[in-house]
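J.: Please find one structure pasted underneath; my questions will follow.
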Amino acid sequence: MLDIETLQRVPLFANLPEERLHWLLGEGRELWLEPGQIHRAAGEPADYVFVILEGEIQIVKHEGQQEILLVTHVPYTLYGELPILTGDPHYWASGRAQVRCRIFEFGKEAFWEMLSSCSCVTTSILRTMALRMQAVQTLSQHREKLVALGNLAAGLAHELNNPAAAAQRAARRLQEIFQVLQPAALQLGRQVVDCEQQAFLVGLQREALARAASTSRLDPLTRSDREEEIAAWLETHGVTQCWQLAPTLVGAGLDTDWLAKIAERMPAPALDKVLVWLEANLSGVGLLTELVQSTERISKLVKSIKDYSYLDQAPLQEVDIHQGLESTLTMLGHRLNGSIAVERDYDYTLPAITAYGSELNQVWTNLIDNAIDALEANGCGCIRIRTRHEHEVVLVEIADDGPGIPAAAQSHIFDPFFTTKAVGEGTGLGLHIVYQVVVVQHHGDVRLLCEPGDTRFQVRLPLRIG
Numbered sequence: 001m002l003d004i005e006t007l008q009r010v011p012l013f014a015n016l017p018e019e020r021l022h023w024l025l026g027e028g029r030e031l032w033l034e035p036g037q038i039h040r041a042a043g044e045p046a047d048y049v050f051v052i053l054e055g056e057i058q059i060v061k062h063e064g065q066q067e068i069l070l071v072t073h074v075p076y077t078l079y080g081e082l083p084i085l086t087g088d089p090h091y092w093a094s095g096r097a098q099v100r101c102r103i104f105e106f107g108k109e110a111f112w113e114m115l116s117s118c119s120c121v122t123t124s125i126l127r128t129m130a131l132r133m134q135a136v137q138t139l140s141q142h143r144e145k146l147v148a149l150g151n152l153a154a155g156l157a158h159e160l161n162n163p164a165a166a167a168q169r170a171a172r173r174l175q176e177i178f179q180v181l182q183p184a185a186l187q188l189g190r191q192v193v194d195c196e197q198q199a200f201l202v203g204l205q206r207e208a209l210a211r212a213a214s215t216s217r218l219d220p221l222t223r224s225d226r227e228e229e230i231a232a233w234l235e236t237h238g239v240t241q242c243w244q245l246a247p248t249l250v251g252a253g254l255d256t257d258w259l260a261k262i263a264e265r266m267p268a269p270a271l272d273k274v275l276v277w278l279e280a281n282l283s284g285v286g287l288l289t290e291l292v293q294s295t296e297r298i299s300k301l302v303k304s305i306k307d308y309s310y311l312d313q314a315p316l317q318e319v320d321i322h323q324g325l326e327s328t329l330t331m332l333g334h335r336l337n338g339s340i341a342v343e344r345d346y347d348y349t350l351p352a353i354t355a356y357g358s359e360l361n362q363v364w365t366n367l368i369d370n371a372i373d374a375l376e377a378n379g380c381g382c383i384r385i386r387t388r389h390e391h392e393v394v395l396v397e398i399a400d401d402g403p404g405i406p407a408a409a410q411s412h413i414f415d416p417f418f419t420t421k422a423v424g425e426g427t428g429l430g431l432h433i434v435y436q437v438v439v440v441q442h443h444g445d446v447r448l449l450c451e452p453g454d455t456r457f458q459v460r461l462p463l464r465i466g
């Protein structure tokens, strides 16, 4: 049976006179919960405030299929007051009994009555509310960072997969080429014993590789016509693998006039073997070039990851603004998809600034990511990035030609949890994190300039913190 002695064990009620405790007992009710039972699910009307007297209550929030544990309340803790104090008509999260629980709950009218008549309760509740709001905000910011990290990781996996797959294909194809190249060279060596012909083949190989390196890409129709022309020439001259050889020869910029010079200098029985050997050389060198390009792309991406995260570097360091912007663009490259242009207007005379590098890159990530979101609805657009030196301050401006931000929302965009996106598409913390990093952490300034078709975020950072 619930009595005033039990309520007096609750720190919030410890200094209340007995008549107020008797009044509170009359306003509230006792409730028992079994393990796993839900006590007021998220979305239900926020009509009551609760005190846990025995057991443990987990406060959980669901986002999609994922359940997030916000806090676990222990005995003599008040909870459920935040939505009532903030005017939210519904509970933000659900309470779930971890073990068998004993709960005291009382209506919001009685709660407001206590706040207005008992200063000790008001002070305690406001202090608790401030701490809880801070804890919820910190937890949400950490989650925002993890979500952003997950998106970047997925994009990088996609970016790394393309060159890795290309390198793997090239390596496998090279194995096949080497199986053809050595026998072709041996067969050719048996037929070409004249020193002059051997010298001609060496020059032929050198010239073919040089032409392949300098040739320009053909449009599909022109390439098809030239392949048919060369295949017909090869077939006329008794070359058996004409359709297998033609694509490589055309890709190397070779034509029938060039092939005719070979036919003039080499005996007819050797022409087939010369062209097979030449095609194997061209294919092998082309695959090696593709392999080099793919591994260089992978190396560049890995370097960008290291630059973006400032791995193995002190938190406060000399930061190159342009390097941070470029590594961020590389990390977000999977979202640009070739349909969104990026224009750079950099002042390369900017000095390095003293800053927290990884946090600053999170600022560029949030601003550029928001610009991409604004442009994705149209499927195209342009992001403009400008840097300037203003006395002892560095200016970074990130702009887009998207639809802009509604005028009524512009004064709230840096507020925590405020978002203009649809439900489930944003937490409303991205720009708040930008504000925290730029203004609070770096003592800088961030502002929005917005007109239809021209949304600009200007970030100003001091050259030195402090």
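Each step along the sequence shown adds one to the number in the UniProt record's numbering, with nothing skipped, and position 401 is 401. Yeah, the Cβ is synthetic: ideal placement off N, Cα and C, and Gly gets one too. What you are looking at is a predicted structure, and each value in this text was computed from that prediction instead of being measured.
Hey, could you find the ends of the alpha helix (DSSP H) residue 373 is sitting in?
T.: Segment 357-376, the alpha helix (DSSP H) holding residue 373.
J.: Please return the same chain residues whose Cβ sits closer than 8 Å to the Cβ of residue 89, not counting the five positions on each side in sequence.
T.: These residues qualify, in order along the chain: 45, 46, 83.
J.: At a cut of 8 Å, does the stretch 61-75 reach the stretch 103-116 through at least three beta carbon pairs?
T.: The stretch 61-75 is not in contact with the stretch 103-116.
J.: What are the start and end residues of the alpha helix (DSSP H) that includes residue 203?
T.: That run of the alpha helix (DSSP H) goes 195-214.
J.: For residue 365, is the classification buried or exposed, using 16 other Cβ atoms within 10 angstroms of its Cβ as the cut-off for buried?
T.: Result: buried.
J.: Alpha carbon to alpha carbon, how far is residue 121 from residue 356? Give it in angstroms, no decimals.
T.: Taking the straight line from one Cα to the other gives about 41 Å.
J.: Under a Cβ-count criterion, where at least 16 other Cβ atoms within 10 Å of its own Cβ denotes burial, should residue 178 be classed as buried or exposed?
T.: Its Cβ having fewer than 16 others within 10 Å, residue 178 is exposed.
J.: In this structure, does DSSP put residue 414 in helix, strand or coil?
T.: It is coil, neither helix nor strand.
J.: So who's on the other strand from residue 90, going by DSSP bridges?
T.: The partner list for residue 90 (beta bridge, DSSP) reads 45.
J.: Helix, strand or coil: how does DSSP classify residue 272 here?
T.: Looking at residue 272 - three-state DSSP - the assignment turns out to be helix.
J.: Beta-carbon within less than 7 Å of residue 241's beta-carbon, same chain only, minus the 5 sequence neighbours each way: which residues are those?
T.: Once the five neighbours on either side are set aside, the close Cβ partners of residue 241 are 276.
J.: What's the call for residue 1, buried or exposed, on a 16-neighbour Cβ count within 10 Å?
T.: Counting Cβ neighbours within 10 Å, residue 1 comes out exposed, since fewer than 16 surround it.
J.: So, for residue 33: in the same chain, excluding its five sequence neighbours on each side, which residues have a beta-carbon less than 6 Å away from its beta-carbon?
T.: Hits under 6 Å: 39, 97, 101.
J.: Relative to the C-alpha of residue 321, which residue among 367, 348, 252, 264 is closest?
T.: It is 348.
J.: For residue 127, does the three-state DSSP call read helix, strand or coil?
T.: Three-state result, residue 127: helix.
J.: Keeping to the same chain, check which residues put their C-beta closer than 6 Å to that of residue 294; ignore five residues upstream and five downstream.
T.: Excluding sequence neighbours, residue 294 sits near 163, 166, 167.
J.: By the three-class DSSP mapping on this structure, what secondary structure does residue 239 have?
T.: The answer is coil: DSSP assigns residue 239 none of H, G, I, E or B.
J.: List, from N- to C-terminal side, the alpha helix (DSSP H) runs of 4 residues or more that fit wholly inside the stretch 17-82.
T.: You should have 18-27.
J.: Pull up the distance between the alpha-carbon of residue 424 and that of residue 66, whole angstroms please.
T.: Here the model assigns residue 424 a pLDDT of 42, short of 50, so the residue's position is not dependable, and the following value carries that caveat. Spanning the two alpha carbons is a distance of roughly 12 Å.
J.: Would you give the residue range spanned by the beta strand (DSSP E) that residue 445 belongs to?
T.: That run of the beta strand (DSSP E) goes 445-451.
J.: For residue 80, count neighbouring Cβ atoms within 10 angstroms of its own Cβ and tell me buried if that reaches 16, exposed if not.
T.: Under this definition residue 80 is a buried residue.
J.: Once DSSP output is grouped into helix, strand and coil, what is the label at residue 460?
T.: In this structure, residue 460 counts as strand in the three-state DSSP scheme.
J.: Determine the DSSP secondary structure at residue 10, reduced to helix, strand or coil.
T.: The answer is coil: DSSP assigns residue 10 none of H, G, I, E or B.
J.: Name the one or two DSSP bridge partners that residue 354 has.
T.: Answer is 318.
J.: On the DSSP bridge list, what partners appear for residue 84?
T.: Answer is none; residue 84 lacks a bridge partner.
J.: Can you name the start and end residues of the beta strand (DSSP E) that residue 344 belongs to?
T.: 340-345 is the extent of the beta strand (DSSP E) around residue 344.
J.: What distance in whole Å lies between the Cβ atoms of residue 400 and residue 455, which are believed to be in contact at a cut-off of 8 Å?
T.: Contact flag correct, Cβ pair sits at about 5 Å.
J.: Between which two residues does the alpha helix (DSSP H) carrying residue 404 extend?
T.: Run containing residue 404: none; DSSP gives neither H nor E here.
J.: Using alpha carbons as the reference points, say which of 326, 49, 63 lies closest to residue 28.
T.: It is 49 whose Cα lies nearest to the Cα of residue 28.
J.: CB-CB under 8 Å to residue 435, same chain, minus the five flanking residues each way: which ones, in chain order?
T.: Excluding sequence neighbours, residue 435 sits near 414, 446.
J.: Mind checking who residue 389 pairs with in its DSSP beta bridge?
T.: DSSP, once it has assigned bridges, lists 394 as partnering residue 389.
J.: Please confirm whether residue 438 and residue 363 have their CB atoms less than 8 Å apart.
T.: Cβ atoms of residue 438 and residue 363: closer than 8 Å.
J.: Looking at C-alpha atoms only, which residue of 457, 368, 174 is the closest neighbour of residue 327?
T.: Answer by Cα proximity: 368.
J.: Measure from the alpha carbon of residue 302 to the alpha carbon of each residue in 286, 274, 283, 331, then state which is nearest.
T.: Minimum Cα distance to residue 302 is reached at 331.
J.: Less than 8 Å separating the beta-carbons of residue 280 and residue 184?
T.: A contact, by the Cβ cut-off of 8 Å.
J.: Thinking residue 188 and residue 260 are a contact (beta carbons under 8 Å), I'd like their distance in whole angstroms, please.
T.: Contact doesn't hold; Cβ gap of about 19 Å is too wide.
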